[in-house]
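So the number in this note's numbering is just where the residue sits in the sequence shown, counting from 1, plus 414.
Glycine included, every Cβ here is placed at the ideal spot set by N, Cα and C.
What you are looking at is a predicted structure, and each value in this text was computed from that prediction instead of being measured.
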Amino acid sequence: MKLIIYLILIYLVYKVIKTWMTPSAYSGKKEYGSTGQLDDVMIKDPVCGVYFPKKDGIYLNSDGRDLYFCSTECRDRFVDSISKK
Ligand SMILES: [Zn+2]
C-alpha cells in the first residue's frame, strides 16, 4: 500500500517539474521580471518612459551599454540627443 502512495507522490512531483520546464508557464509570472535573464522581461524605454517586453524592443548599443527602445522613433530621438552633446 505504501508503494502506491510513493508512486502517486513521484507522479505529482514529475507533473510539477514538467510544468516548470514548459516555457509557456513563465508567461503569466511577474516575479521573474527584474532578473533580466528571460526574454519576456519588461524594460523601460529611456526616451518616453514606457515599459515593454524586451524581446519586442528596438536594440541599440551605445558606449558599450545595451539599450532597448519601444520604437525606432524613440531610438532615433535617443541617437539625436547623444549626438548633440
Ligand atoms: Zn518609446
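Count the other C-beta atoms from every protein chain shown that fall within 10 angstroms of the C-beta of residue i, then say buried if there are 16 or more, exposed otherwise.
{"i": "Ile-457", "result": "buried"}
{"i": "Asp-459", "result": "buried"}
{"i": "Val-461", "result": "buried"}
Could you tell me whether any non-hydrogen atom of ligand 1 is closer than 8 Å to the CB of residue i?
{"i": "Asp-459", "result": "yes"}
{"i": "Ser-495", "result": "no"}
{"i": "Ser-476", "result": "no"}
{"i": "Val-464", "result": "yes"}
Can residue i and residue j be called in contact, C-beta distance under 9 Å?
{"i": "Phe-492", "j": "Leu-481", "result": "yes"}
{"i": "Thr-486", "j": "Ile-496", "result": "no"}
Nearest-angstrom Cα distance between residue i and residue j?
{"i": "Asp-490", "j": "Asp-477", "result": "16 Å"}
{"i": "Tyr-425", "j": "Val-455", "result": "31 Å"}
{"i": "Lys-469", "j": "Ile-419", "result": "44 Å"}
{"i": "Lys-498", "j": "Tyr-428", "result": "58 Å"}
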